[in-house]
Every structure is written in structure tokens, then in C-alpha cells.
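Everything below concerns the one structure shown next.
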Amino acid sequence: MINIKYLALVLFGCLYLNTFAQLPEGFVYVKDIIPDLEVELRYNTSNNFVGKPITGYHSKRLILTVETAKALKLVHQDLQQQNLCLKVYDGYRPQQAVNHFVKWARDLNDTINKHIFYPKVKKRDLFKEGYIASKSGHSRGSTVDLTIIDGNTGKPLDMGSIYDFFGEQSWVDYEHITDKQKVNRHLLQAVMMKYGFRNYPKEWWHFTLRGEPFPDTYFNFPIK
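Numbering (this note's numbering), first residue to last: 313 to 536.
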């Protein structure tokens, strides 16, 4: 005779395992490590330089390597002592998403969000100027794009440019911004470096964990 309760438990277990099966060993859903982290995966939305959701992003769940998530938790806790928090725009990025960017960049007629994200850069120059590439550190799972938000209002601190802006205004040491914007950028850079992240000089929001666990592996599993 079939035990209905036992069968139900087995089916539930299978569903549970299938839900999390897409994460390779060494990766984690960051909310499991930092439950109160603010996440807005821009490439799971149309609010990005392409103007539509990107291939491989099937949910807004932030994924990183375990080591990166743990280091990010220390950053988050440090900022909370100042009534500030982190907000993450991107983490692990599958290679299929990078391929989507490359394909988009080669279509010179598709410029729907040029006026927002790259008003002074010709689309045909995105490869030459290093804004689009065939490989991304994000695909190794230990790179994050993020900013700091006010703990009371949830409003991002003014960093002098929007996230993912293609231009010198996004360079960490760009001089033609206000003193307050420089202070905000310095705060972000300092707290990230304190906990083991190195920055990318041309994007104030972009950081990679030093000693990342998969320095030569570009993953392609989707975000679900």
C-alpha cells in the first residue's frame, strides 16, 4: 500500500533539489547570507543600456561565490553602523548574457537607451573603448556592481553618475563632480577595499574579490 504522506515528502524533496540544482558547488544565493540586502538586478529588467531583459536572467535572485557573499556581508554590516546599506545591481552574470551584449553592440541601429547610458559615445566604438567585451569578470562569480543607499530612505547616495553610464563621468577618479559626490565615491571604494575587494578604475560601482575562487572559469548557468 502506498504511503501518501511519504510520497508527498519525496516529491517535495525532488522539487526542492531541482529548484537549487542550477548552482554549481561554491555558489550561493546571496539572500541566504545577507537576508536584508537590497537587490535590483538591472539585467532582469528593461532599465539598462540594452533596454530589455538580458538572456540568462530569469529572476531577480543575486548569485555569487560563497567567499564573495561572505565578504559582502562584512561590508554591509560595516555600513549599517553608519545607518547606510548596500544596494546591488549585478553579481554573477552568465556567459549567455555577455553574448547578448556583444550581439546588441553589433546592431548599430538599436540605440533605444543611448540618450541615458552612452550619450557621448558612438555605439560602433563601444568595443574599442572597452565598454563591451566578449568576456566578463562577472561570469566568474566574484564580481559585483553596487552602490550605497541611505538606511532610512533607501535612496542611493549621489555618486556623480548613474549606474552603467558609459563615459569618463563614471571613472573613479573623475574630477568634475561635486565634493559630496567625491566623498560618497571614496566611502564606497574604502569600505569595499577594507574587506578584500579591488575596484575597476573606469566604473565606480564595479568590484572584484581579491583571490577569487574561480579566476579562470567563465560560467554559463542561468539565473533562476
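Every residue, glycine too, gets a C-beta built ideally from N, C-alpha and C.
Predicted, not measured: the structure shown is a model, and the values here were computed from it.
| Asked | Found |
| --- | --- |
| Other residues of its chain near THR459: CB distance less than 8 Å, five sequence neighbours each side excluded | LEU398, LYS399, TYR401, PRO468, LEU469, MET471, TYR475, LEU500 and TRP517 |
| Assigned secondary structure, HIS518 (DSSP; H/G/I helix, E/B strand, else coil) | strand |
| Rounded straight-line distance, which links the Cα of LYS492 to that of ASP344 | 34 Å |
| C-beta neighbour in chain C for HIS488, strict 9 Å | Among the protein chains of the structure shown there is no chain C, as only one such chain exists. |
| Proximity of PHE519 and VAL456 at Cβ, strictly below 9 Å | yes |
| Contacting residues, own chain, Cβ-Cβ under 8 Å from PHE429 (five flanking each side not counted) | ASN360, PHE361, ILE474, ASP476, PHE477 and PHE478 |
| Sequence-distant residues of the same chain with beta carbon closer than 7 Å to LEU420, five excluded per side | LYS435 and ARG436 |
| Three-state secondary structure assigned by DSSP to TYR512 | strand |
| Through-space distance from ASN395 to ASN464, alpha-carbon basis | 7 Å |
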